[in-house]
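In what follows, a structure is listed as C-alpha cells, so that the remarks can point back to it.
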Amino acid sequence: MYAPDQAPLAAPAPFPYGRSDPEAADQSTATPRASLLRQHFESSPPSEPPFRDDSAEPGASHQLRHQASGYREREQKALESELPTAFRVGSNTTTAESIFAIPPHLGTPPVVGSYGSYADYGTIRSTMSRTSMDQAATMWRQQQEVGGNVPDDEVLPILVKEIEQDGKIVLAVEGQSTLPQTVFNSINVLIGVGLLSLPMGIKYAGWLCGMVALFLCAAVTAYTAELLAKCMDLDPGLITFSDLAFISFGRNARIATSILFTLELLAACVALFVLFADSLDLLFPGFLSVTGWKFICALILIPLNFLPLRLLSVTSIIGIFSCFSIVLILLMDGFIKPTSPGSLIEPATTYMFPSNWLTLPLSFGLLMSPWGGHSVFPNIYRDMRHPYRYKEALKITFSFTYVLDATTAVAGLLMFGDDVRDEITSNILMESSYPRALTFFMCMFVAIIPLTKIPLNTRPITSTIEVLLGLHQQSLADSSSMVGRSMNFRGTMKIAVRVLTIFVYFAISIVFPAFDSIMAFMGSALCFTICVTLPIAFYLKLFSHEISAKQRLVATSVMVLSTLLSITGTVWAFLPKSLIGA
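Take 1 as the starting number for the sequence shown in the UniProt record's numbering and just add one per residue.
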C-alpha cells in the first residue's frame, strides 16, 4: 500500500539514443527544443527505485511537478545563497535548460571520464534527480562543517556564454584558445614517446608497407578528429569525448570510454617507466639493474605526484622540448658518424617489404601509437575562440606531427637497419663512437620525459580512485562512508592512493618489460578504438539519416577495417617474440 504521492511509476520505455528521424531530417524547424544532451539526461532512468517524489522525473504528471515547484524553488534559493557567485551565471534560463546551472561538485558522477578531467564521465550527471541534489548539498555542507573545507586549486573555472538555440537561450562553453594556442595544445597531445618506436615499426612492415601505413594512420586520424568536431556542433552543451559516447549510445558507452581512457593512461605510464629504466641502464651499465632503475624512478615520482596541477602543466613544455631535442640529436649523430652502423652518410641494409611477414601485425600498433589524442580533441575544440578554424588547426597539427614522426622513423631505420631496437634512443646510447656530450644530453632528455609526463597522466587515475573511495572533495556528498571523517584521515588515504598508484606502475613494468610490446598494445587495442572506431561510430549514429549511402559505406568499411587491425595487433602484441621471429 502506497501513499497517493508515492505510487510506483511505470517503467519508462528505453530511450532511443542518437537523433530521431524527424530531427535529423528537418533541423530548420522553429519548434523550440532542449539541447540534445539535455534530452538524453532527462530520459535516463533514475538510480533509485522509481517512486514518485518531488522531482520532475520523465513521465511524472504535470500535477506532481506543480506541487513540487514551490519546494524546489525554496531549496534552490537556499542552495544559491551558500554557493560562491562563480556558480551563479546571470541568465534568464531556468535550471532545467542549462547543464551549467548545477554546481560542478554536485553535477558530476562518481567516476572519472574524459582524459584530464576527474569526477566526471562527461559534463552532466544522468542519474541524479533534483531532490537528490538538494540532499547532496545538505550532506556537502555537513561534511565541510565536520571535516573542514580545503579549496581545490586544481579546478579551473569554466567560462560560459548565452546563445540562442532553437528559440531558447542556453549556456555554452566560452572558448578562449586562439589558433596558435590550439595548434600548440594539439601538438602537445600527439608528440610523445610513441615516435621512439617508429623505426622498429617500419622495420617490421618494410619501407613500402610501413611508410604507407604511417601516412594512412595520420590521414585517417585527422579525418576522425574532424568528425568529432562535426558531432560536437550538434549541441553547444557537449564538451568531452564521453559526452559524445553518452548521446550516441547511452550511459554504458560512457562508462566503457572511461575505462578505455584509464587503460590508455596506465599503459602510457608503464611505457615511460620502462623507457626511463632501459635508458639509464645503458648509460650506466652495471651500476644498477633495470629493476633497480625502475625503483629509483618510482621514488623520484612519488613527491612529483603531489604537485599542484598548475605546476605540472608547465612541465609539459619541457616534455615537448625534450622530444624535439631527441630527434635533433638523432639526426646530428647520424651525420657526424661517417660509417655504418649508426650513420646517415652510410645507411644500413633495409628492406622494401617485411623480411619476416609474421612481424607485420606488430607494426599496426607501433605505427598508430603516436596518433592517440582523440580523447582530448573535443575539449580542445570546445575551448577554441574561433571554432571555424578547427580544420586549419588540424591540418597544421597533423602535418607537423607527421613530418616529425616520419623523420624519426626514416632516420632511425637508415642508421641501424635490422639492428634497430624497440627504442631508437637505446641504439644511440649503446653506440660508443658518438660524441659523449650528445649521448649525455640524449639520456638526460629521455629521463626528463617520464618525470614530466607520468605525474600528469597519473592525476586522472588517482582522482578516479579518490572519487570511487569518497576521498575527493567533489564526491563527499555521494560517499556515506566518508561523512564525518576527519581531514587527517582523508589526507592519509589520499597519500596512500597516490603512492600505491606509482608502485602499481612499477609492478606492471616488471611484468611487461618490453617497450615495443607496450606501445604495440596501446596502438592496437586503444588508439585504433579511441581514434578511429569510436569517432566513426558516433558519426554514423548521429548522422545516419543525413549522409549518402556511399559515405556510409566508406565510413563503415574504415570502422570494420580498424576493428580487424585492432584485434589482430592486440593478439600479436601478447605473442612471444620467439614464436613470430621478432
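Beta carbons: idealized from backbone N, C-alpha and C, even for Gly.
Practice task
Can you check DSSP and say which residues form a bridge with residue 384?
Solution key: 177
Handout entry: Beta-carbon separation (whole angstroms), residue 291 vs residue 580, contact threshold 8 Å
Key = Going by Cβ atoms, the distance from residue 291 to residue 580 rounds to 26 Å, so no, they are not a contact pair.
Problem - Proximity below 8 Å, CB of residue 336 to CB of residue 455 - result: No, Cβ-Cβ distance for residue 336 and residue 455 is not below 8 Å.
Exercise for the section: Within 10 angstroms of the Cβ of residue 437, are there 16 or more other Cβ atoms? Answer buried if so, exposed if not. Expected result: exposed
Exercise for the section: Could you check the C-alpha separation between residue 296 and residue 451 for me, to the nearest Å? Expected result: 11 Å
Handout entry: Reduced DSSP category for residue 490 - H, G, I as helix; E, B as strand; rest coil
Key = helix
Exercise for the section: Report the rounded CA-to-CA distance for residue 459 versus residue 372, giving the unit in angstroms. Expected result: Distance from the CA of residue 459 to the CA of residue 372, rounded to the nearest whole angstrom, comes to 18 Å.
Exercise for the section: May I ask which residues mark the beginning and end of the alpha helix (DSSP H) holding residue 193? Expected result: Element bounds for residue 193: n/a, residue is neither H nor E.
Practice task
Check whether the Cβ atoms of residue 374 and residue 531 sit closer than 8 Å, and answer yes or no.
Solution key: yes
Handout entry: Contact set for residue 222: own chain, Cβ-Cβ below 7 Å, skip 5 residues either direction
Key = Sequence-distant Cβ neighbours of residue 222 in its own chain, meaning closer than 7 Å and more than five residues away, are 394 and 398.
Practice task
Evaluate residue 405 with the Cβ neighbour count: other Cβ atoms within 10 Å of its Cβ, from every protein chain shown; 16 or more gives buried, anything less gives exposed.
Solution key: buried
Exercise for the section: Could you give the DSSP three-state label for residue 281: helix, strand or coil? Expected result: helix
Exercise for the section: Go ahead and pull the three-state DSSP assignment for residue 376. Expected result: coil
Practice task
With DSSP as the reference, label residue 604 as helix, strand or coil.
Solution key: Limits of the chain in this structure are 1 at one end and 582 at the other, which puts residue 604 out of reach.
Problem - Stretch-stretch touch, CB-based, cutoff 8 Å, three pairs: the region 514-531 with the region 251-271 - result: Result yes; three or more Cβ-Cβ pairs closer than 8 Å.
Exercise for the section: For residue 186, verify whether its CB is less than 7 Å away from any heavy atom of the ligand FAD. Expected result: The ligand FAD is absent from the structure shown, which contains no ligands of any kind.
Exercise for the section: Pick helix, strand or coil for residue 352, following the three-state DSSP scheme. Expected result: Here DSSP, grouped into helix, strand and coil, assigns residue 352 to coil.
Practice task
Indicate whether residue 366 and residue 200 have their beta-carbon atoms separated by less than 8 Å.
Solution key: yes
Handout entry: residue 409 beta carbon less than 8 Å from that of residue 331
Key = no
Handout entry: Where residue 219 falls, given that 16 or more other Cβ within 10 Å makes a residue buried
Key = exposed
Problem - Cα-Cα separation between residue 252 and residue 504, rounded to whole angstroms - result: Put simply, the backbone Cα of residue 252 is about 27 Å away from that of residue 504.
Practice task
May I ask you to verify whether the region 412-419 touches the region 336-348, counting CB pairs closer than 8 Å and requiring at least 3?
Solution key: Segment contact: the region 412-419 against the region 336-348, three or more CB-CB distances shorter than 8 Å; contact assigned.
Practice task
For residue 340, I'd like the list of residues in its chain whose CB is within less than 6 Å of its CB, leaving aside the five on either flank, ordered along the chain.
Solution key: 346 and 348
Handout entry: Inter-residue spacing [alpha-carbon to alpha-carbon] between residue 430 and residue 389
Key = 45 Å
Handout entry: Distance, residue 453 Cα to residue 488 Cα
Key = 29 Å
Practice task
Taking only the alpha-carbon atoms, compute the straight-line gap between residue 249 and residue 257 and give it to the nearest angstrom.
Solution key: If I take the Cα positions, the gap works out to 11 Å.
Practice task
Please list, in chain order, all residues of the same chain as residue 327 whose beta carbon is under 7 Å from its beta carbon, the five residues on each side excluded.
Solution key: 404, 407 and 408
Exercise for the section: Assign residue 492 to one of two classes, buried (16 or more other C-beta atoms within 10 Å of its C-beta) or exposed (fewer than that). Expected result: exposed
Practice task
Give me the Cα-Cα distance between residue 57 and residue 543, rounded to the nearest whole angstrom.
Solution key: Here residue 57 scores only 42 on pLDDT, less than 50, and its place in the model is too uncertain to base an answer on.
Practice task
Would you give the residue range spanned by the alpha helix (DSSP H) that residue 390 belongs to?
Solution key: 390-416
Problem - Which of helix, strand or coil DSSP assigns to residue 337 - result: coil
Practice task
Sort 441, 274 and 364 by Cα distance to residue 423 and report the nearest one.
Solution key: In this structure, 274 is the residue among 441, 274 and 364 with its C-alpha nearest to the C-alpha of residue 423.
Practice task
Go ahead and label residue 556 buried or exposed: buried means 16 or more other beta carbons lie within 10 angstroms of its beta carbon, across all protein chains shown.
Solution key: exposed
Handout entry: Coarse secondary structure for residue 434, derived from DSSP in three states
Key = coil
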